[in-house]
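Enquirer:
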Amino acid sequence: MSEAAWLPGSVFDNIDKFASSLGYQNAAIAMELSMVSWKSPEERDAFIMAITGEDVKGGTEKNYIKNFGG
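In our numbering, the protein residues as written are 2 to 71.
This is the structure:
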């Protein structure tokens, strides 16, 4: 069985960034914006900052990836 992997700019990353930045009360618009084919995570983040006037909220790569090292 395969596992979903976190990648910058993936739909999981987009959902996290939009939901965290727009607030969970705006979940419907966050889901729609998460499915846009953004050219890059930087373009997505610039859009979020333009519409919110704030820094992007949400996790970072190190929060998503488990360290399986010993």
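We put the beta carbon where it would ideally sit given N, CA and C, even for glycine.
Where do the N-terminal and C-terminal ends of the alpha helix (DSSP H) with M50 fall, by residue?
Expert: Looking at the DSSP string, the run of the alpha helix (DSSP H) that includes M50 is P42 to T53.
Enquirer: State buried or exposed for S38, treating a residue as buried only when at least 16 other CB atoms are found within 10 Å of its CB.
Expert: Looking at its Cβ environment, which holds fewer than 16 other Cβ atoms inside 10 Å, S38 is exposed.
Enquirer: Applying the 10 Å Cβ sphere with the 16-neighbour rule, what's the burial state of S41?
Expert: By the neighbour-count rule (16 or more Cβ atoms within 10 Å), S41 is not buried but exposed.
Enquirer: Given that a residue counts as buried once 16 or more other Cβ atoms are within 10 Å of its Cβ, and exposed if not, what is D56?
Expert: Exposed: under 16 other Cβ atoms inside 10 Å.
Enquirer: Going by Cα to Cα distance, which pick from A51, E44, I52 and G54 is closest to P86?
Expert: Residue 86 lies beyond the stretch modelled for the chain, which goes from 2 to 71, so this question has no answer here.
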